[in-house]
Structures are given as structure tokens and as C-alpha cells.
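Read through the structure below, which is laid out as C-alpha cells, and then see the notes.
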Amino acid sequence: MEDDKEELKRLNDSLNERLREAEETLEAIRSGQVDAVVLKDSQGKRVYSLISPDHPYQIFFDNMDEAAVILSKEQIILYANHNFFELIGSTAENVLGSSILNLLYEKDRTYFTSALLKEKKKKAELVILSKSQEPRIVLVSVFSGMWNEDEQVCLLLRDITELKRAQNYVRASEAISKILSETSTLPLATQLVLPVIQENLGWEVMVIWLWNKQQHKFHCIDISHVEGMEIGAFKKKTLELDIKSKSLFEYVSLTNRPIWKKDITEDSKFIRRTEAIENGLRGALAFSFNPNSELAGFIELFRRTPFTDNVDNLMLDLISSLGISLGIYIQKLFLDQTKFQYAKALDLSLNSIYSVDIDGIVTRWYPGAQKTYGWSAEEMMGKSIKTIYPNHTSQEFDEISKMIVNGKSLDHFESQRIDKNGKCILVNSSYDSILDLFGKVSEIIVVEQDMTLQNDLALHLTESNARFNSFIEITEDWIWEFDKKGTFLFSNLAVYPILGYQTEEILGKSLLYFVSLEERDKIEHTLQELVAKKEGWSHVVIPLLHKNGGCRWVETNAKALVGVNDEFIGFRGCSRDITESRNLERIKNEFISIMSHEIRTPLTSIYGGLRLLISKELSPYERQELLANAYKNSIRLTNIINDTVDFERLQLGKLVFDFKSINLGDVVLESIKSSEIIAQKFDVSITLDGTLPHAKVKGDYSRLLQVMSNLLSNAIKFSPSHGTVKVAMTIEGEKVRVSVSDKGPGIPKDFQPKVFESFAQADSSDRRTAGGTGLGLYISKSIIESHEGIIQFITKQGEGTTFFFDLPLVS
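For the sequence shown, this note's numbering begins at 1224 and goes up steadily by one.
What follows is the structure, encoded as C-alpha cells:
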């Protein structure tokens, strides 16, 4: 008696522990508490990674030219490719796991989270900070999706800092050239030029000095500053200066290259240091202008912040060109020595300017030409201009010269030149004539713009756009565009795997064409409302019709397209096939429901029986009945757990087999014997149809017994009372067939394709009547196929079902 109680207590404790573990597992499944992807290394140890190594875009990102980042929905950096670490000057250890907001310029953080992430804007320019806090302008493209069952965001970043800087400088250059060509007084010109310089280069004060040949000294002809600055003391001191030396503060040079001082407040030799401190001026830069290679004056620029240690050569080039432009402009205003034909040169003064006679001999060679081609004025004066022409264009000038002599001009002619080092330069050239006193062409003025950088930038942008277009074509997301009537205007190739249509089949069709009749009115009404509001949508799940007639569920996001004058154009968006994920969600829910029912039912029975044994005095017969029931339910619970474990092993490919040469008849007989108890419970008999032939197979005895037990259990449960289950085994050529037949209701036609799927149950009534996890036939099929066999069934509703499997015989 005491031994029985101890055994029952031990059994009760063990079952309670299993119940607790099962409930914890179920709760984890329900809540989806997964913080990281669990992987296993070669030793089988658990390791963790922020993203799975088989992430669909990781290989693509690792080999692309752009920087790429994958974020969690909390904006945590889960992955970044090597281009991103180079962009910010940091390492994976310092970046992964941190917030992307830490790297963004403060004013861009709100825009990033609201416009790019919440409003699903696809592309924007942002400022990102490197490890050294250097701001970099990046073009960010945003893609969102579900990976590892978590919502993640992918960012593609293209560093356009240099491009933006170059564009700003080009715009500044063009703006300055335009101002100088349209203004007739120096005060007005500086008043207009300085804001351009301040906006694009950061300089706030400009002082213009001109060399007075008669007095042999520099004279300040203009000093201007941006609005809101107080420079009274500095201005007064500047105007009082009487500079007779051409080496003022080492600023003056015949090279046209700017010279700068990082902080004039720290330079004791700077004459206006005290006034600069008083008015808060610190950084300084100066450059000369030297028309005809003779010093004519120089320009000073000041600002309230120190000059940077990192010298921007592009900025220096712009400043040099600005010096040329202002020098020519000032000479025009004060000396009036430049002829009318040079007006066009002023508009393009940042480029190469030179003049030649009608035979092509160089008569003037300005600093811009020296900068572009490398030859100094001394080297080029008196030489043929064909020096800078490639061999295959040597006759070009002769033809142009004839045209100019005949009274014509030539603007924006594209050609090629070579510099002093033999490098080929693409140029945009303009030609015009200079007339002598008798109205004849004496010289030809040439203005050439170096187009090499612009061409390289255009090529880079074209290649970059091609890469982005390629990405659109290879992405698994369906990217589309349709007008306000819902007619598709664009679709990428991803529509085919989702809906079965080629791209050309989609174009011209309405969205409603792919919507079922039941959903059509609802979707049409919603679309009309969005058109009226000019609004897009996000994370909307709708069913669409596949070309084969099936239904595919897609999650779709879209933005409204608005043209000029706020005219609504249509929608552009992307859709993702979530049919499989919905099916997986359904299977997960079914699994939880089934397991909850199947585990709790035997445990409840065991628990109730044990309580009766503990709390009441029972007769030996009653005690035996309760123990038998507890044992039976323990077996049932064990089978459920075993099925679940086998299912998990099958998913991981780790189900182990012990293959030996066995007599399949022994398996059949043992399975019949072990199934007689359950057959008696359902008032069903098991009969052997004919004799068992001797059949040797190479197999795992226990696994094949598991298959037979499952087939017999199903046949018994679905047989009518007083019914008979027939078992047969026959030799068919080099195979042996085992069949199990019942006279049950048969398998419904619509369920037959799903019989061997995991968690398959014909309907809820079957589940309540017969019980089970829905894993038995799925596991049985996997076992038979691992034995190089097949398992199938024949069924007829109202007459019964026969399951059979074939295995190869051992020779």
C-alpha cells in the first residue's frame, strides 16, 4: 500500500512538472517572446545573432556599392555592411545594437521617425554624423518588411556630400557670374554676391582692395557684411589703413590661390586683431586677382568662426575662380579697358578664357585657362592653340576660325582638349570675335567650360539610378503604380510570383480586376475616399485573385502622387505576399488549441483519479480502475509528447532511425496486438486478411511499429460500433504492401489533399470524437519516405478508407 502511494505521488509530481513546462512553452508561443534569432554552431551550442545569416538581402548588401543598414522597429541597428562603417568611420562593435538616431543630425531625427518610418516615405536626404562628428549628407532609400517574424526597416545610404557640395559651389558660381553680368556698380554687386558666399561658403564679411598704380598703394574700395552683424570698429580700422606694400599679410600672390588664417584673433601680426576681437571676427581668407598676370588687387573674407583645418580644395578652386571673376569685373568697372566682347566671358569667368588671332596663335591666356590646362601664360603666349587640341581634332580650329571671320559666333560647342600632362578634358566651348578699329576680326575670344566633372557626375548618377532600378526589379516586393481610376501604369517583375501575371498583362488593367466580387464594392469605395482625400495607406491587407483562380493575401502600402498645382495623379506603392505567413499563423493557432486540449484532457483525468485515491477510501476494484485510467491517460499523454517531439525533429531534420533487416510481418502482428485494447474500448475488432507472407525489409522496427499503430488507431477511432478493421500484407514484385481498412465515414473530398499535412484535422467534430494532435499521418508519411517507400490512401464517403504503404524488399 505504502509503495503504491509513493509511486502514485512520484507519478503525480512528474506529470505536474511536465504540465508546468508544457504550459510555459505554450505561453511563450502565444506571446511570441523571441528576442533574438537562435542559431547553433558546428558544436551544437546555442549562439545569438541580431539578424539571421540567411537574411534575404544580406549577401546583396555585402556586395553593393551603397551603405546598407537594417533596423528593428525600435530603430536599433541590427546589421550594417562595410560601406556603412566606412561612411561613419566606426566599427560594428560600436554601432550594432545602438539606435540609428544617435548618428543622425539632431534636426533630422524627428523627420526620420515621422516621415520615413511612420509615414513610409521612401527616399529623402539626411545628415548623418561620423564618429568624428563630421556631417555627411546621404540620400536615404527606405524599404520595410518582415524578417524573422519581426518588422524591420532597410536603409540604403548613398554619400552625396561631395556631390551636394559641388552642386552648391556650381550654383554659387553660376549665381555670382549672373550677378556680375547683370549689375553695373560695385556696391550693388557685393551686396548681392556676399549672401551667396555666406550661404554656400560661410563667409560673412568681404573687403575689396585695389592697387592704385599712381599712388603705389592699396586702397579699400568696398567693405560689406551680412545683415545683423556689427563690425563698426573693424570697418573703421580697415578704411584708415594706408597700405603701400604689395605683401600685405602674405595675402598677395600671383598664383591666384587663396591664403587663409585659421584664427586672426590669435595672430599678433594681424594689424586689425584688436578690432577683430571686438567685433567677433576669427577666420580669414584672402586671394588676389591678377588680370594679364599683373597684380591688380585682392579680396579678404572673414567670418565669426575659425577656419577649418581640413582645407576643401573644391572651395579653394571656387574662391580662385571668384577672384578671377571679381578681378575682371572690377577691372571692367574701374579701368574700362576690357572690350565689349568680353561681356560673355564675365558670365563664364570661372572657366578657361583665352584669346587667339585668326591663325590660332595665343594672344591672351587667363588664369582660368592655366588652372584647367596646366600651362602658364608665359608658356602659351605666342604659341599655337592647337597645342591643347588632340590629334584627331587638330583641324577643328581652322574650321571654326573661318566661321568667326565670316561674322558668325559659336556657343556651347562640345569638344576635347588635352592638358599639360596629356590628360583628355571634355569641354563646352564658346567662340566670338574681337574687332579692330576698322571693324575687322583681329582676335577670337574663347571661353571653355571643363565638363569632365559634370560628365563623371552624370555618369555616376546614371549608374546609381541603374543600380536602384535593378534593385526594384530583383526585390521580392511587388512595386507598382496606378492612376486615380486604379489602372496600373507600372509594375515590376515581382507581380508574377505573387499573382501569376507577367508585367505586360498587368498594365492597363484596373486593380478591381484582381479583386473578388465579394470584396470589389468595399475596395472600390475605399479607393474613391482615398482619391478624394489625396491620401495613401499603409499595412492594408487585402485578398487578390491569382491567375489560376486562387486567392493570395497581400499587405500593401502606398503614397499619393500629386503633380503641379496640387493635381492628384494616382498612387505608387508596394505589396508583399503574406499568404504563407497567414497560413503559418493559422497553423500556430491550431497547434496551440489542439495541444491545449489534448494535454489538458488526460492530465485532468489523471489529476481527478489521483485526488480520489488520496482523499477517499476505495475498494481494490475502484482503485484498480482509477490506476488503469491514469496509466491509459499517461500513455496518451506520452504519445502526444512523442508526436510533438518527432514533429520538431522532423522540422530540424534530426529524426534518428536504426535501420536493420527485419521481418515486416512481426511489426504487423505486434501492432495488431498492441491495438486490441483501444479496439475493445471502441467496440471494434481487428482481423488479418489472409496470411502474412515472409517479407524482409531494411527498416527501423520501432518507427514502422509507430506507423502501423497510428494507422490502426485512426481506423479504430473512425470505425462504427461493432465494426471491423482489416489488415493485409501482400508481395507485389520487389515491394511489400501493408494496408489498413475501415468502414468509417470516409474522408471529405475537400480535406483529402491535406490528409498528410501537419495538424491536419477534417473538422472540429472529428477532433472531439477521435482526438489527436493531427501530427500522426504527417509523421507516418515522413517515416515511410525515409524508408524509401510511399504511403497513400483510397477513400469513399460513406463506405470507408484504406491506408497503405509500400516498402522495398531486401534481396
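Even glycine gets a Cβ: it sits at the ideal position worked out from N, Cα and C.
Pair within 8 Å by beta-carbon distance, residue i and residue j
{"i": "residue 1667", "j": "residue 1581", "result": "yes"}
{"i": "residue 1780", "j": "residue 1797", "result": "yes"}
{"i": "residue 1654", "j": "residue 1632", "result": "yes"}
{"i": "residue 1734", "j": "residue 1705", "result": "yes"}
{"i": "residue 1852", "j": "residue 1884", "result": "no"}
{"i": "residue 1418", "j": "residue 1449", "result": "yes"}
{"i": "residue 1643", "j": "residue 1589", "result": "no"}
{"i": "residue 1304", "j": "residue 1291", "result": "yes"}
{"i": "residue 1657", "j": "residue 1607", "result": "no"}
{"i": "residue 1545", "j": "residue 1399", "result": "yes"}
{"i": "residue 1947", "j": "residue 1910", "result": "yes"}
CA nearest to the CA of residue i, picked from the options
{"i": "residue 1640", "options": "1613, 1998 and 1584", "result": "1613"}
{"i": "residue 1934", "options": "1922, 1901 and 1957", "result": "1901"}
{"i": "residue 1675", "options": "1665, 1686, 1650 and 1745", "result": "1650"}
{"i": "residue 2035", "options": "1355, 1364 and 1356", "result": "This structure cannot settle anything about residue 2035, because the visible part of the chain is limited to 1224 through 2034."}
{"i": "residue 1938", "options": "1967, 1324 and 1917", "result": "1967"}
{"i": "residue 1483", "options": "1457, 1453 and 1526", "result": "1526"}
{"i": "residue 1699", "options": "1757, 1390, 1296 and 1367", "result": "1367"}
{"i": "residue 1974", "options": "1346, 1947 and 2020", "result": "2020"}
{"i": "residue 1894", "options": "1680, 1928, 1947 and 1919", "result": "1928"}
{"i": "residue 1183", "options": "1922, 1971, 1920 and 1921", "result": "Nothing can be reported for residue 1183, as the shown portion of the chain is limited to 1224 through 2034."}
{"i": "residue 1295", "options": "1284, 1324 and 1402", "result": "1324"}
{"i": "residue 1420", "options": "1998, 1549 and 1336", "result": "1549"}
{"i": "residue 1422", "options": "1520, 1393 and 1841", "result": "1393"}
{"i": "residue 2023", "options": "1963, 1697 and 1593", "result": "1963"}
{"i": "residue 1881", "options": "1863, 2029 and 1921", "result": "1921"}
{"i": "residue 1329", "options": "2030, 1356, 1318 and 1321", "result": "1356"}
{"i": "residue 1671", "options": "1645, 1727 and 1594", "result": "1594"}
{"i": "residue 1810", "options": "1997, 1622 and 1404", "result": "1997"}
{"i": "residue 1770", "options": "1783, 1784, 1739 and 1871", "result": "1739"}
{"i": "residue 1386", "options": "1766, 1462 and 1684", "result": "1684"}
DSSP-derived helix/strand/coil call for residue i
{"i": "residue 1720", "result": "helix"}
{"i": "residue 1893", "result": "helix"}
{"i": "residue 1449", "result": "coil"}
{"i": "residue 1331", "result": "helix"}
{"i": "residue 1429", "result": "strand"}
{"i": "residue 1855", "result": "helix"}
{"i": "residue 2024", "result": "strand"}
{"i": "residue 1937", "result": "helix"}
{"i": "residue 1493", "result": "coil"}
{"i": "residue 1314", "result": "coil"}
{"i": "residue 1990", "result": "Summary for residue 1990: the model assigns pLDDT 38, below 50, so the residue's position carries little reliability, and this model does not support an answer."}
{"i": "residue 1767", "result": "strand"}
{"i": "residue 1520", "result": "strand"}
{"i": "residue 1953", "result": "strand"}
One or two residues paired with residue i in a DSSP bridge
{"i": "residue 1886", "result": "1919"}
{"i": "residue 1782", "result": "1795"}
{"i": "residue 1322", "result": "1299"}
{"i": "residue 1506", "result": "1526"}
{"i": "residue 1361", "result": "1349 and 1382"}
{"i": "residue 1639", "result": "1649"}
{"i": "residue 1285", "result": "Answer by DSSP bridge pairing: none, since residue 1285 is not bridged."}
{"i": "residue 1714", "result": "1703"}
Residues of its chain near residue i, where Cβ-Cβ distance is below 6 Å and the 5 sequence neighbours each way are ignored
{"i": "residue 1456", "result": "1498, 1501 and 1502"}
{"i": "residue 1695", "result": "1702 and 1715"}
{"i": "residue 1801", "result": "1776 and 1778"}
{"i": "residue 2034", "result": "none"}
{"i": "residue 1542", "result": "1481 and 1510"}
{"i": "residue 1431", "result": "1444, 1445 and 1522"}
{"i": "residue 1374", "result": "1296"}
Contacts around residue i, its chain only, beta-carbon distance under 7 Å, and the 5 residues preceding and following it disregarded
{"i": "residue 1687", "result": "1381"}
{"i": "residue 1890", "result": "1924, 1927, 1928 and 1931"}
{"i": "residue 1559", "result": "With a pLDDT of only 47 at residue 1559, under the threshold of 50, the placement of this residue in the model should not be trusted, and no figure is reported."}
{"i": "residue 1788", "result": "none"}
Cβ shell of residue i (< 8 Å), same chain only, five flanking positions each side left out
{"i": "residue 1353", "result": "1310, 1311, 1312, 1313 and 1359"}
{"i": "residue 1980", "result": "2001"}
{"i": "residue 1487", "result": "1493, 1495, 1496, 1499, 1504, 1505, 1506, 1507 and 1525"}
{"i": "residue 1406", "result": "1412 and 1415"}
{"i": "residue 1887", "result": "1918, 1919, 1920, 1922, 1927, 1952, 1959, 1961 and 2030"}
Cutoff 8 Å: residue i Cβ touching any chain D Cβ
{"i": "residue 1831", "result": "The structure shown contains no chain D; it holds only a single protein chain."}
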